[in-house]
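Peer 1: Read in my numbering, the sequence shown has 39 at position 21, and its numbers run on one by one without any break.
Sharing a structure with you now.
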Amino acid sequence: MTTQRTEPAQNADERPMLESYLDYHRQTLAWKCEGLSDAQLRTASIPPSQLSLMGLVRHMAEVERGWFRKVLVGDDPGPICYSEADPDGEFHLTEQDTWAEAYAVWQAEIEVARQNAAGFALDELSQGKSRSTDEPFSRRWIYTHMIEEYARHNGHADLLRECIDGATGE
């Protein structure tokens, strides 16, 4: 599989620009994982951290689910990998965890996110509310937050990939 990254729109209206930046960052995380074995994708960074590329993908599936299902539309299908007993479960990988499964779940959550977001204007407010302020979020805020979340974790992915096989890139 070769990940195609599309540069974000430079002269678009706000909504297509935000969507293109979010897709670009999604594609960047997939690109950082490309060509590695399951064992390499499960490789943790530096002890005691359990951060790995597969863990990041599983984490982002949880984040997509949380923001675009639970918060935006009020649908709470529950967590994918974490639990009350293991709040960082997406990062706690076993030999049974595969890239194929992690990638498929992540892509499915992205597709649901796109479908759910399509029904909202940028200024329209979410069904779910902030735990700290009890205020809803605008779709614009959720998009901006997701871009920030991916950008931060793509920085982690850069370092993880370089540690695994020396590959570097934007």
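We treat Cβ as the ideally placed atom computed from N, Cα and C, and that holds for glycine.
On a predicted model such as this, the values are computed, not experimentally measured, just so you know.
If you count every other CB in all the chains shown that lies within 10 Å of the CB of I165, and 16 or more means buried, which is it?
Peer 2: The count along the sequence shown starts at 1 and reaches residue 165 at position 147. Burial call: buried.
Peer 1: Quick test of your reading: L143 and P154, contact by CB under 8 angstroms. State the CB separation rounded to the nearest angstrom.
Peer 2: What you label residue 143 is simply residue 125 of the sequence shown in a count that begins at 1. What you label residue 154 is simply residue 136 of the sequence shown in a count that begins at 1. Going by Cβ atoms, the distance from L143 to P154 rounds to 4 angstroms, so yes, they are a contact pair.
Peer 1: For I160, which option in Q22, D176, E180 and G84 has the closest C-alpha, if you only look at C-alpha atoms?
Peer 2: What you label residue 160 is simply residue 142 of the sequence shown in a count that begins at 1. The residue with the shortest Cα to Cα distance from I160 is G84.
Peer 1: Within 8 angstroms, do at least three Cβ pairs link the stretch 70-88 to the stretch 108-127?
Peer 2: The stretch 108-127 vs the stretch 70-88: in contact.
Peer 1: Express the C-alpha separation of P66 and A6 in angstroms, rounding to a whole number.
Peer 2: The question about residue 6 has no answer here: the residues shown for the chain are numbered 19 through 188.
Peer 1: To the nearest whole angstrom, what separates the beta carbons of I98 and R44, a pair I think is in contact under 8 angstroms?
Peer 2: Indexing the sequence shown from 1 puts residue 98 at position 80. Indexing the sequence shown from 1 puts residue 44 at position 26. Wrong, their Cβ atoms sit about 17 angstroms apart, outside the cutoff.
Peer 1: DSSP state of L143, grouped into three classes?
Peer 2: Along the sequence shown, read from residue 1 onward, the residue named residue 143 stands at position 125. Of the three classes helix, strand and coil, the one that applies to L143 here is strand, per DSSP.
Peer 1: Where does F155 sit, in a helix, a strand or coil, going by DSSP?
Peer 2: The count along the sequence shown starts at 1 and reaches residue 155 at position 137. Of the three classes helix, strand and coil, the one that applies to F155 here is strand, per DSSP.
Peer 1: Quick check on DSSP: helix, strand or coil for L178?
Peer 2: Sequence index remark: in the sequence shown, residue 178 carries index 160 (1-based). In the structure shown, L178 sits in a helix (DSSP, three-state: H, G or I).
Peer 1: Here's a check: name, in chain order, each residue in its chain whose Cβ is nearer than 8 angstroms to the Cβ of M72, leaving out the five neighbours to either side.
Peer 2: As a first step, residue 72 must be located in the sequence shown, where it is residue number 54. Contacts found: C51, D56, L59, R60, L111, D115, W117 and A120.
Peer 1: Which runs of the alpha helix (DSSP H) at least 4 residues long sit entirely within the stretch 30-59? Give them in chain order.
Peer 2: If we require 4 residues or more, the alpha helix (DSSP H) runs fully inside the stretch 30-59 come out as 32-51 and 56-59.
Peer 1: Please state whether the Cβ-Cβ distance between L178 and N134 is less than 8 angstroms.
Peer 2: Sequence index remark: in the sequence shown, residue 178 carries index 160 (1-based). Sequence index remark: in the sequence shown, residue 134 carries index 116 (1-based). Their beta carbons are not under 8 angstroms apart, which means L178 does not touch N134 by this criterion.
Peer 1: First and last residue of the alpha helix (DSSP H) that includes Q28?
Peer 2: The residue labelled residue 28 in the question sits at position 10 within the sequence shown. No alpha helix (DSSP H) holds Q28; DSSP gives it neither H nor E.
Peer 1: Please state whether the Cβ-Cβ distance between A30 and S38 is less than 8 angstroms.
Peer 2: One-based indexing of the sequence shown puts residue 30 at position 12. One-based indexing of the sequence shown puts residue 38 at position 20. Contact: yes.
Peer 1: Looking at C-alpha atoms only, which residue of H174, A185 and P34 is the closest neighbour of I64?
Peer 2: Indexing the sequence shown from 1 puts residue 64 at position 46. Minimum Cα distance to I64 is reached at H174.
Peer 1: Can you tell me which of G92, G137, N172 and I182 puts its alpha carbon nearest to the alpha carbon of K147?
Peer 2: Mapped onto the sequence shown, residue 147 falls at position 129. Nearest of G92, G137, N172 and I182 to K147, Cα basis: G92.
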